[in-house]
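Q: So the mapping is simple: this note's numbering equals the position in the sequence shown, first residue as 1, plus 1. C-beta: ideal position from N, C-alpha, C; glycine also. Remember, predicted model here, so these are calculated numbers, not experimental data.
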Amino acid sequence: MPEKLGIVSRRGRLTAAVLAVLLVASAASAIVLGVRYLGARADEQARDSALSSARDYVTTMFGYTPKNVAAHVERSRKVVTGDAKAQYDKIISDTNLVAEVGKQKIISEVIIQDAGVVTSTRDTATVLLFINQSVTRGGNELVQINPSRLTYSMTKDDGRWLINSIDVITDDSFRGKVEVTTSVPSGAKPIPGLGRDPASNSAPAPTPSATPTTPSGEVPVPTP
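1) Only counting the same chain, and skipping five residues up and downstream in sequence, which positions put a Cβ closer than 7 Å to that of residue 74?
2) Which residue or residues does DSSP assign as beta-bridge partners of residue 63?
3) So, at 7 Å on beta carbons, what are the nonlocal neighbours of residue 106 in its own chain, with the 5 sequence-adjacent residues on each side left out?
4) DSSP state of residue 112, grouped into three classes?
5) Looking only at its own chain, which residues have a Cβ that is under 6 Å from the Cβ of residue 89, when we skip the five neighbours before and after it?
6) If you follow the alpha helix (DSSP H) that residue 96 is in, where does it begin and where does it stop?
7) If you compare alpha carbons, which of 62, 87, 95 and 85 is closest to residue 76?
8) What are the partner residues of residue 168, as DSSP defines its beta bridges?
9) Is the beta carbon of residue 163 less than 9 Å from the beta carbon of residue 157?
10) Can you give me the Cβ contacts of residue 174 inside the same chain, cut-off strictly under 7 Å, excluding the 5 residues immediately before and after it?
11) Could you tell me whether the Cβ atoms of residue 119 and residue 125 are closer together than 9 Å?
12) Taking residue 165 as the reference, which of 65, 87, 145 and 57 has the closest Cα?
13) What does DSSP give as the partner residues of residue 129 in its beta bridges?
14) Grouping DSSP H, G and I as helix and E and B as strand, with all else coil, what is residue 204?
15) If you drop the 5 nearest sequence neighbours on each side, which residues of the same chain put their C-beta closer than 8 Å to that of residue 64?
16) Roughly how far, in whole angstroms, is the beta-carbon of residue 169 from the beta-carbon of residue 149, given that I think they are within contact range, below 8 Å?
This is how it looks when you write it as structure tokens:
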């Protein structure tokens with residue numbers, strides 16, 4: 002009888018040990034799966050927040066009226082950094098944007114046709130945006146519609162997405178869709194588009210048939 006009790010006791014200890022190992026393995030597996038889920042969820046949230054921020058920034062940066070242009074410029078300056086900051090500041094300075102928008106009573110409206118995240122991590126993202134920028138001057142009818150594609154390269158700093166690079170994508174076929182519905186008033190200055198210096202544009206110049214004509218002596222609104 003004592004021998005049988007000893008065998009039962011050893012079997013009990015062995016069973017308990019096996020159960021303990023299985024419990025540890027199950028717990029470890031659950032932890033790994035949980036970490037992976039949380040990581041995937043964090044990546045998804047970062048991607049969604051980057052896209053939402055980019056959509057907000059582009060409408061503020063390139064959409065304005067005489068009443069809100071100063072506030073929009075100030076807000077936009079807070080979300081650009083590095084090369085994008087230098088690029089944006091140059092646009093505002095060279096075009097004297099705030100003063101000219103008020104003087105010419107310019108209204109620029111941005112409609113986002115589509116947008117999506119090209120690449121992303123929890124702290125970096127590249128967002129592609131398809132937009133239409135419509136412009137009116139002095140209460141006139143629609144002057145110009147500029148369809149544009151651009152990318153924001155973004156980094157997260159202290160929980161906030163900042164734009165560190167702005168790249169405008171253009172080609173002849175896209176420029177050919179630009180529609181001018183009325184002429185630009187005499188003496189009016191160009192309205193800044195998306196900040197690309199024409200001298201730096203590596204895309205071929207559009208053919209005459211793809212470029213809307215402007216009456217002699219009047220300054221056209223530039224396309225991005």
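A: Let's see:
1) As a first step, residue 74 is located in the sequence shown; it is residue number 73 there, counting from the start. Answer for residue 74: 93, 98 and 99, listed in chain order.
2) Along the sequence shown, one-based indexing puts residue 63 at 62. The partner list for residue 63 (beta bridge, DSSP) is empty, contrary to what the question assumes.
3) For the purposes of this step, residue 106 is taken as the residue at position 105 of the sequence shown. These residues qualify, in order along the chain: 67, 138, 139 and 140.
4) Along the sequence shown, one-based indexing puts residue 112 at 111. Here residue 112 sits in strand by DSSP.
5) Residue mapping note: residue 89 aligns to position 88 of the sequence shown, counting from 1. 81, listed in sequence order.
6) On the sequence shown, position 95 is the one that residue 96 refers to. Element bounds for residue 96: 83–96.
7) Stepping through the sequence shown from its first residue, residue 76 is reached at position 75. That would be 62, whose Cα lies nearest to the Cα of residue 76.
8) Position 167 of the sequence shown, counting from 1, holds the residue named residue 168. Looking at the DSSP assignment, residue 168 forms a beta bridge with 152.
9) Indexing the sequence shown from 1 puts residue 163 at position 162. Indexing the sequence shown from 1 puts residue 157 at position 156. Cβ distance < 9 Å, so residue 163 and residue 157 count as in contact.
10) Taking the sequence shown and counting its residues from 1, one reaches residue 174 at position 173. Because the pLDDT at residue 174 is just 33, under 50, the model does not fix this residue reliably, and the value given afterwards should be weighed accordingly. Nothing listed; no residue qualifies.
11) The sequence position of residue 119 within the sequence shown is 118, counting from 1. The sequence position of residue 125 within the sequence shown is 124, counting from 1. Against a cut-off of 9 Å, the Cβ pair of residue 125 and residue 119 comes out as no contact.
12) One-based indexing of the sequence shown puts residue 165 at position 164. Answer by Cα proximity: 87.
13) Counting from one through the sequence shown, the residue named residue 129 turns up at place 128. DSSP output for residue 129 lists 117 and 152 as bridge partner(s).
14) Counted from its first residue, the sequence shown places residue 204 at position 203. Any reading at residue 204 needs caution, since the residue's pLDDT is 38, under 50, leaving its predicted position unreliable; the model's value is listed next. Residue 204: coil per DSSP, three-state reduction.
15) Residue 64 sits at position 63 when you count from the first residue of the sequence shown. Within the same chain, residue 64 has close Cβ partners 73, 109, 110, 111 and 134.
16) Looking up residue 169 in the sequence shown gives position 168. Looking up residue 149 in the sequence shown gives position 148. Yes, residue 169 and residue 149 are in contact; Cβ-Cβ is about 6 Å, under 8 Å.
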